[in-house]
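There are 2 protein chains.
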Amino acid sequence: MVSINKLVIGGVGLIGGSFALAMRRAGLAKRIVGVGRRPESLAQALELGIIDEAASSWQAALDGADFVLLASPVGQMDAIMAQIAPHLGPNTLVTDAGSTKRDVMEAIYRHLDRQLANVVPAHPIAGAERSGPAAAFATLFDGKKVVITPLPENEPAAVLRVREVWAACGAVIHEMPPQDHDRVFAAVSHLPHLLAFGLVHDLAGRANAEQLFGYAASGFRDFTRIAGSHPEMWRDICMANRQALLAELDQYLAELAYLRALLLSGDSERLEQHFDEARKARNDWADKYLARNIESE
Amino acid sequence: MVSINKLVIGGVGLIGGSFALAMRRAGLAKRIVGVGRRPESLAQALELGIIDEAASSWQAALDGADFVLLASPVGQMDAIMAQIAPHLGPNTLVTDAGSTKRDVMEAIYRHLDRQLANVVPAHPIAGAERSGPAAAFATLFDGKKVVITPLPENEPAAVLRVREVWAACGAVIHEMPPQDHDRVFAAVSHLPHLLAFGLVHDLAGRANAEQLFGYAASGFRDFTRIAGSHPEMWRDICMANRQALLAELDQYLAELAYLRALLLSGDSERLEQHFDEARKARNDWADKYLARNIESE
Chain Y
1 MVSINKLVIG GVGLIGGSFA LAMRRAGLAK RIVGVGRRPE SLAQALELGI IDEAASSWQA
61 ALDGADFVLL ASPVGQMDAI MAQIAPHLGP NTLVTDAGST KRDVMEAIYR HLDRQLANVV
121 PAHPIAGAER SGPAAAFATL FDGKKVVITP LPENEPAAVL RVREVWAACG AVIHEMPPQD
181 HDRVFAAVSH LPHLLAFGLV HDLAGRANAE QLFGYAASGF RDFTRIAGSH PEMWRDICMA
241 NRQALLAELD QYLAELAYLR ALLLSGDSER LEQHFDEARK ARNDWADKYL ARNIESE
Chain F
1001 MVSINKLVIG GVGLIGGSFA LAMRRAGLAK RIVGVGRRPE SLAQALELGI IDEAASSWQA
1061 ALDGADFVLL ASPVGQMDAI MAQIAPHLGP NTLVTDAGST KRDVMEAIYR HLDRQLANVV
1121 PAHPIAGAER SGPAAAFATL FDGKKVVITP LPENEPAAVL RVREVWAACG AVIHEMPPQD
1181 HDRVFAAVSH LPHLLAFGLV HDLAGRANAE QLFGYAASGF RDFTRIAGSH PEMWRDICMA
1241 NRQALLAELD QYLAELAYLR ALLLSGDSER LEQHFDEARK ARNDWADKYL ARNIESE
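Line order of the protein sequences matches chains Y and F.
Per the numbering used here, residue 1 is the first one in the first sequence, and the count goes up by one each step.
Per the numbering used here, residue 1001 is the first one in the second sequence, and the count goes up by one each step.
Shown next, in the form of structure tokens:
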């Protein structure tokens, strides 16, 4: 596989930093340049050897760049696309790590309409509890899914190269239209995050919150783990994907209305049947996927 | 501590079996007799050395019994209380392991009104993924909370003895009125279980369920772990505590209605603030409790 002479990472946090380390591990990046809004993060990434250079501007970073990864929260993508547009060379490939894909695609069409052949959106289904460059590690993407949502205007060679680079980071490549991507992740990721944030917020506001939390056990621990996620990142995801998320939330509210009716009417038979069906589906899923290296997020 | 000559376990599953093994470990039970609705479970418990004898009836089991643990799903407690009432000796102590306490208390008042001095309700906050006698282990209660909800009619010496026995199983003893118990656990345990069952059921019914589950990652895994719980046990809990659970569900639905309004109006600032407050509360709880030996359930 052909090496990257100059790899540019926009946003050197957990994802961007791990991508840099994975590319180093693969021996495929000759020089790695970081760009970002927080100088202290860049300085730390430099000190940790994640990047070779901290660029002071997109213009400096993109000069002579072969490959660019945009790894900022999706709420910043529109502004970043606008900033990079004037400095992007005709042969520079761009991919991103945004958790939503319709909004990223729209930002690309808004700002990078002259570079559409070479901008290939992607979403690595990987993450960890912690964030920032110090949390980055080279094996983050090993065995994890990366969903690529190519644009119709993408050059096939560009899509192939982006697949190849993510695969070199250890990932298993999937492809999907951006609308499908956003609907799928609204259901299995964005909604659960919203529900977990909501439950913790609900209980934390009670007069007896201290007592409640004092008796919370392992079910609560696991159910609410994702309520410890990064608020800005999840605000951006929820806002970017709010159409699909609202549709999922409404379907879930209908589910809860049904369960509420079963409780109210004391229909224990249907309630048990409901639980039983859910348990079967959960166990089937666990048998099929949990034996493997499941994606953290 | 005074030994138990004849310990009777009603329902020798994960909880009842672990109680028996913990009492054996403590060297406090001279003879352990099991009773239950499934002869094959009793035979297995006997074979595994969890019990010394499988009684064919409550009458036989209770003859000469010092101490009785009722460890069946709470939906069976009323019938069990009715069955044991005529055979319970004047000095036999009774406790239970029901996950709800108001309904157990009501069943006690209905059927054991002549033995109120010696029947002390309790709820061990402990459990595991698996169920049945083969899942039982002696250390299940070590460091876990047991919430005792004494009746006003309980003899103080009986409450003390029940505390002592649970403590001998390794548990940390708490006391609470049954109404408080049921409200607390509706919030931190019963509601999350209902929500997790609901989400999995919702997604499993979709035409693209296979695709959705294929992209579910670690957030989904942890959020839905409790949807793998025992359907009958959770049906009983939800039904027994449906008054408190409905109140919790309605408060949560109000929370979701608020989050829905933020999404609809695109109020990203308030959404982030909401997530941020939830994350702080979750992290504070995790710092305070997760370092310790948290109760599984």
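From the three backbone atoms N, C-alpha and C, an ideal C-beta is built for every residue, glycine too.
Per DSSP, cross-strand counterpart(s) of residue i
i               : result
residue 1282(F) : DSSP, once it has assigned bridges, lists no residue as partnering residue 1282(F).
residue 67(Y)   : 7(Y), 93(Y)
residue 1033(F) : 1008(F), 1053(F)
residue 1144(F) : Note: residue 1144(F) sits in no beta bridge, so no partner.
residue 119(Y)  : 94(Y)
Residue i at chain Y interface by Cβ criterion, 7 Å
i               : result
residue 1255(F) : yes
residue 1189(F) : yes
residue 1204(F) : yes
residue 1118(F) : no
residue 1228(F) : yes
residue 1111(F) : no
residue 1177(F) : no
residue 1201(F) : yes
residue 1285(F) : yes
residue 1197(F) : yes
residue 1259(F) : yes
residue 1042(F) : no
residue 1249(F) : yes
residue 1234(F) : yes
residue 1125(F) : yes
residue 1136(F) : no
residue 1281(F) : yes
Minimum Cβ-Cβ distance from residue i to chain F less than 7 Å
i              : result
residue 241(Y) : no
residue 19(Y)  : no
residue 192(Y) : yes
residue 231(Y) : yes
residue 246(Y) : yes
residue 114(Y) : no
N-terminal and C-terminal residue of the beta strand (DSSP E) that residue i is part of
i               : result
residue 124(Y)  : 122-124
residue 1237(F) : First-last for residue 1237(F): 1231-1240, but that is the alpha helix (DSSP H), not the beta strand (DSSP E).
Residue i in three-state terms, based on DSSP
i               : result
residue 174(Y)  : strand
residue 1214(F) : helix
residue 1074(F) : helix
residue 1306(F) : The displayed coordinates of chain F run from 1001 to 1297. Any statement about residue 1306(F) would go beyond what the structure contains.
residue 1001(F) : coil
residue 1150(F) : coil
residue 263(Y)  : helix
residue 1249(F) : helix
residue 138(Y)  : coil
residue 132(Y)  : coil
residue 110(Y)  : helix
residue 127(Y)  : coil
residue 1256(F) : helix
residue 1271(F) : helix
residue 1209(F) : helix
Segment limits, alpha helix (DSSP H) that includes residue i
i               : result
residue 1165(F) : 1156-1168
residue 1287(F) : Element bounds for residue 1287(F): n/a, residue is neither H nor E.
residue 1202(F) : 1191-1204
residue 1099(F) : Careful: residue 1099(F) lies outside any alpha helix (DSSP H) and carries neither H nor E.
residue 40(Y)   : 39-47
residue 315(Y)  : The question about residue 315(Y) has no answer here: the residues shown for chain Y are numbered 1 through 297.
residue 1018(F) : 1014-1025
Residue i beta carbon near the ligand MG (any heavy atom closer than 6 Å)
i             : result
residue 34(Y) : Absent from the structure shown: the ligand MG. Ligands present: none.
* **Residues of the segment 264-277 of chain Y with Cβ closer than 7 Å to any Cβ of chain F, in chain order** => 264, 266, 268, 271, 272, 274, 275, 276, 277
* To do: Taking only beta carbons into account, state which residues of the segment 1207-1225 of chain F come closer than 7 Å to chain Y, listed in chain order.
  => 1211, 1212, 1213, 1215, 1216, 1217, 1218, 1219, 1220, 1221, 1222, 1223, 1224, 1225
* Can you list, in chain order, the residues of the segment 1084-1109 of chain F whose Cβ is nearer than 8 Å to any Cβ on chain Y? -> none
* Asked: Mind listing which residues of the segment 1158-1183 of chain F have their C-beta closer than 7 Å to chain Y's C-betas, in chain order?
  -> none
* Asked: What residues in the segment 9-34 of chain Y have a beta carbon less than 7 Å from any beta carbon of chain F?
  -> none
* Members of the segment 62-76 of chain Y that neighbour chain F once the beta carbon cut-off is set at 8 Å -> 75
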